[in-house]
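If you read the sequences in order, they're chains Z and H.
Residue numbering for the first sequence follows the working numbering, beginning at 12 and increasing consecutively.
Residue numbering for the second sequence follows the working numbering, beginning at 253 and increasing consecutively.
Beta carbons: idealized from backbone N, C-alpha and C, even for Gly.
Predicted, not measured: the structure shown is a model, and the values here were computed from it.
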Amino acid sequence: MKKTIKMVVFIYLFAALLCGPKVFGAEYGGHLKLIWSLPAVSFGYPPKIRSIGEMYASVAMETMIAVDKYGKFHPHLATAWKLAEDEKSWIISLRKGVKFHDGTDFDAEAFKFNMDLFVGKPTGAFKNITSVDVLDKYTARLNASKYQSITIFELASEAYMASPKAIKEKGAKWAETHPVGTGPFKFVSFQRGKNMLWTRFDQYWKQGRPYLDGVEYLFIKDKMTALSALKAGEAHGIIFALPQHAKTMAKQGFKIDFDQAVGIHLMVDSKSPDSPWANKKVRQAAEYAIDKETICSQLGLDYKLPVYQMVKPENPAYIKDLPIRKYNPEKAKKLLKEAGYPGGFTSDFYYPGMGWRDGWQAVQSYLAAVGIKLKLIVIDRPRYFTMRFKPGALPAGAASQMVMFQAPDPLYMATASLASTSPHVPSMKRPPGFDRLLDEAIGERNPAQRIQKTHEVIRLAHDEQMYIPFFTEGPLLIMNPNIHDYEFFEYGRNYICPFTNTYMSK
Amino acid sequence: MGGYIIKRLGQALIVVLLVTVLVFLLIRLLPGDPILLYVSGDVVSGAVSDEVIADLRREHGLDRPMYIQYVNWLWQILHGDLGKSIFLNDTVVNEISRAVPKTVMIGSLGLLLAVCLSIPLGVLAAVRRGTWIDTLVTLLANSGITIPVFWLGIMLIQIFSLQLGWLPTQGYTSVFDDFGAGVKSLILPVVCLSVVPLCALTRQTRSSMLENIRMDYIRTAWSKGLSEGLIIMRHALKNSLIPVVTVFGLMARITIGGQILIETVFNIPGMGRLAVEGLQNQDYAIVQGVVLVIAIIVTGINLIVDLSYGWLDPRIRNN
Numbered sequence: 012m013k014k015t016i017k018m019v020v021f022i023y024l025f026a027a028l029l030c031g032p033k034v035f036g037a038e039y040g041g042h043l044k045l046i047w048s049l050p051a052v053s054f055g056y057p058p059k060i061r062s063i064g065e066m067y068a069s070v071a072m073e074t075m076i077a078v079d080k081y082g083k084f085h086p087h088l089a090t091a092w093k094l095a096e097d098e099k100s101w102i103i104s105l106r107k108g109v110k111f112h113d114g115t116d117f118d119a120e121a122f123k124f125n126m127d128l129f130v131g132k133p134t135g136a137f138k139n140i141t142s143v144d145v146l147d148k149y150t151a152r153l154n155a156s157k158y159q160s161i162t163i164f165e166l167a168s169e170a171y172m173a174s175p176k177a178i179k180e181k182g183a184k185w186a187e188t189h190p191v192g193t194g195p196f197k198f199v200s201f202q203r204g205k206n207m208l209w210t211r212f213d214q215y216w217k218q219g220r221p222y223l224d225g226v227e228y229l230f231i232k233d234k235m236t237a238l239s240a241l242k243a244g245e246a247h248g249i250i251f252a253l254p255q256h257a258k259t260m261a262k263q264g265f266k267i268d269f270d271q272a273v274g275i276h277l278m279v280d281s282k283s284p285d286s287p288w289a290n291k292k293v294r295q296a297a298e299y300a301i302d303k304e305t306i307c308s309q310l311g312l313d314y315k316l317p318v319y320q321m322v323k324p325e326n327p328a329y330i331k332d333l334p335i336r337k338y339n340p341e342k343a344k345k346l347l348k349e350a351g352y353p354g355g356f357t358s359d360f361y362y363p364g365m366g367w368r369d370g371w372q373a374v375q376s377y378l379a380a381v382g383i384k385l386k387l388i389v390i391d392r393p394r395y396f397t398m399r400f401k402p403g404a405l406p407a408g409a410a411s412q413m414v415m416f417q418a419p420d421p422l423y424m425a426t427a428s429l430a431s432t433s434p435h436v437p438s439m440k441r442p443p444g445f446d447r448l449l450d451e452a453i454g455e456r457n458p459a460q461r462i463q464k465t466h467e468v469i470r471l472a473h474d475e476q477m478y479i480p481f482f483t484e485g486p487l488l489i490m491n492p493n494i495h496d497y498e499f500f501e502y503g504r505n506y507i508c509p510f511t512n513t514y515m516s517k
Numbered sequence: 253m254g255g256y257i258i259k260r261l262g263q264a265l266i267v268v269l270l271v272t273v274l275v276f277l278l279i280r281l282l283p284g285d286p287i288l289l290y291v292s293g294d295v296v297s298g299a300v301s302d303e304v305i306a307d308l309r310r311e312h313g314l315d316r317p318m319y320i321q322y323v324n325w326l327w328q329i330l331h332g333d334l335g336k337s338i339f340l341n342d343t344v345v346n347e348i349s350r351a352v353p354k355t356v357m358i359g360s361l362g363l364l365l366a367v368c369l370s371i372p373l374g375v376l377a378a379v380r381r382g383t384w385i386d387t388l389v390t391l392l393a394n395s396g397i398t399i400p401v402f403w404l405g406i407m408l409i410q411i412f413s414l415q416l417g418w419l420p421t422q423g424y425t426s427v428f429d430d431f432g433a434g435v436k437s438l439i440l441p442v443v444c445l446s447v448v449p450l451c452a453l454t455r456q457t458r459s460s461m462l463e464n465i466r467m468d469y470i471r472t473a474w475s476k477g478l479s480e481g482l483i484i485m486r487h488a489l490k491n492s493l494i495p496v497v498t499v500f501g502l503m504a505r506i507t508i509g510g511q512i513l514i515e516t517v518f519n520i521p522g523m524g525r526l527a528v529e530g531l532q533n534q535d536y537a538i539v540q541g542v543v544l545v546i547a548i549i550v551t552g553i554n555l556i557v558d559l560s561y562g563w564l565d566p567r568i569r570n571n
């Protein structure tokens, strides 16, 4: 008996040691310092929080629902959500006992205030929501003009909750750079080009969280300087590191982690009738001609991954039996011949200076091998964005780089980038019936049916070769080995990280 | 002298005005639309309507003809307003006032260090011509002037920050906020920035001194029995300084214009970085504001250099 007790105690202590702070609570404290290279402009006023701003906002502000990287929804500030009797609107139950950083309560009135910043405004989100009703202190109703399944995803990705008191008193402009949310850390200060500081929020609703006393983002644009700062111990990690730096630091015991948050593809002028790219077979030939796997492995050092369809393999909507177009130069030449370009053709290719030069040069070589001669033209960001969004800005017959965020919900991605209502890539020919198929999928209530319809959307985009998929990439992290449970890739929304469970070991 | 100063001030004003016209036109001739770039994130999600884009254009005055935009900008400048940044959510005056102290502090300390070291070294090399001192100084000056600043910065970080751990690798702390940390954060950028002007001024001082110490008036001074110190400092050096001052003026301009490399390597949010980021975003107001301030500083330095000729050589003053 004594022996058994000793054994149990020993196992408990051993397990406790392994579990770290969750058992002992010994690893509270510490200020996490991370190096970022991207500038932040707006990260506190909910309708203006987007892409890069979201990375900063998510430390201090929270959305109603959490979505994990597999696209599964979890209660967060909302504890439950269900369709109302009209089968269009949603009843949202709110978590009790949640406070904003300024001490005010998070309740249905606060939820309504924040949702009213979106409803009926040109913010892009909640287009189907007509109004918000407060049913009681912790229940609200989102009234909708029609059922849309992506409303829940929007509650998980767009609806950051800010203190109504702060916005009313200080104004929207102030709020853009002063997030007052319900998150685990309170915003302290932001100095452009220098740093951003947060401190622990003691009244955070998750018991015992966060572990850290504070978080600091250091803004260092030059990658070599960032690496030196990490080596000198001035920071615990780099968020957007270079692949070669990651390889070097991995050998020195640093943790390396990466995600595939963004898809980089070729967008072509398929709309102009005279453009060679208007022929579907030419676009298909281009995909067959590029050895994406070799490019990603040799030049991207395996931190960039080749893609052949709209979603990542771990996504429930991924189509395993999709006839993908792997590297096959012979097939590419055959398709070009069938398309009436046996000798190939010449096309200008515009890409931004910040783009992956080596990768595009490799694409140029592979395409040249089948006869498609790309003339690479580096352009500045304003011109590049103009080509991406302004009809007619991409010269006829030309091609460029396309960016598509890898949201867990492919329908959200398709609506944002591929639908004809999207201002994205105006040079892309949208196949007939694509919008209708997308609408049907978004309006589908049955989950199994929804997946099936999503597959149809993906198949149509693939069959018609609306764009030429290339690779996915995301933030590449180099992290000090004593930092644990950083949550960068836990969520399905770009790369948000509230550091709720992050802790430092001695 | 007063008339000379007024004349030079008038010329400086014309130069600044020409610079404003040039920068105003050139940045607008670049292809691309800054407003479209600014709202690009919102465009992806369909969050921006054409009306919103038109409102933004109106807010920044970009909906008007170019000549009216220019006149409005000049009018704003006369009222101490350099406009509003499209991207940074703040006025250009605020952005520049945050960046200028860093650039001026590092630039002026770098030039001061260069002047304090280069003149004695140049004089010493000239006076001890042909000795090992002259060989060493000449060798270092000739090598130093060819070193790329960014490479030197990385090497200094490697040695003093990573190997020895004495100094921070990056960042800027104001000496008025934290004196110790401020001094530490200044050492590497200032040393790095001073190397090229230090070497250029050393070379110029040496050759200028060599020319002068062979002159008849120096021989006369020796024959009168004056001490070496007096001959060198009072007679030879002062007469050797005119070309040195010319090179100093040139170096000051290069230092101010070239600080972007130092600011990038040492992660200092100064004027150079502000200008480059503004240019990358085609943030018209930022680029125009920064170029205007740099133009004023550079023409100011030119003015001081011109005036110092008069002080150094009475013949120029009298003419």
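Could you please give me the residues that DSSP links to residue i through a beta bridge?
| i | result |
| --- | --- |
| residue 389 of chain Z | Z:362 |
| residue 145 of chain Z | Z:151 |
| residue 480 of chain Z | Z:276 |
| residue 116 of chain Z | Z:110 |
| residue 10 of chain Z | Since the first and last residues shown for chain Z are 12 and 517, residue 10 of chain Z lies out of range. |
| residue 356 of chain H | According to DSSP, which records beta bridges pairwise, residue 356 of chain H is partnered with nothing at all. |
| residue 336 of chain H | H:343 |
| residue 383 of chain Z | Z:356 |
Under a CB-based cut-off of 7 Å, is residue i close to chain Z?
| i | result |
| --- | --- |
| residue 284 of chain H | yes |
| residue 437 of chain H | no |
| residue 341 of chain H | yes |
| residue 355 of chain H | no |
| residue 413 of chain H | yes |
| residue 334 of chain H | no |
| residue 421 of chain H | yes |
| residue 289 of chain H | yes |
| residue 534 of chain H | yes |
| residue 371 of chain H | no |
| residue 514 of chain H | no |
| residue 338 of chain H | no |
| residue 409 of chain H | yes |
At a CB-CB cut-off below 9 Å, which residues of chain Z make contact with residue i?
| i | result |
| --- | --- |
| residue 519 of chain H | 204, 205, 229, 230, 231, 232, 233, 236, 237, 240 |
Please classify residue i: does DSSP put it in a helix, a strand, or coil?
| i | result |
| --- | --- |
| residue 334 of chain Z | coil |
| residue 198 of chain Z | strand |
| residue 490 of chain Z | strand |
| residue 207 of chain Z | strand |
| residue 414 of chain H | helix |
| residue 227 of chain Z | strand |
| residue 256 of chain Z | helix |
| residue 302 of chain H | helix |
| residue 485 of chain H | helix |
| residue 375 of chain Z | helix |
| residue 66 of chain Z | helix |
| residue 140 of chain Z | strand |
Between residue i and chain H, is there a C-beta pair that is closer than 7 Å?
| i | result |
| --- | --- |
| residue 31 of chain Z | Any reading at residue 31 of chain Z is ruled out, since the residue's pLDDT is 45, under 50, leaving its predicted position unreliable. |
| residue 243 of chain Z | yes |
| residue 412 of chain Z | no |
Going along chain H, which residues have a C-beta under 7 Å from residue i?
| i | result |
| --- | --- |
| residue 188 of chain Z | 341 |
Output, in chain order, the set of chain Z residues within a Cβ distance shorter than 7 Å of residue i.
| i | result |
| --- | --- |
| residue 599 of chain H | Limits of chain H in this structure are 253 at one end and 571 at the other, which puts residue 599 of chain H out of reach. |
| residue 406 of chain H | 235 |
By the criterion of Cβ-Cβ separation under 8 Å, what are the contact partners of residue i in chain Z?
| i | result |
| --- | --- |
| residue 280 of chain H | Neighbours of residue 280 of chain H on chain Z: none; closest Cβ ~11 Å, over 8 Å. |
| residue 525 of chain H | 204, 232 |
Using Cβ-Cβ distances below 8 Å, what residues of the segment 381–408 of chain Z are close to chain H?
390, 391, 392, 393, 394, 395, 396, 397, 399, 400, 401
Residues in the segment 36–60 of chain Z having any Cβ partner in chain H nearer than 9 Å
50, 52, 53, 58, 59
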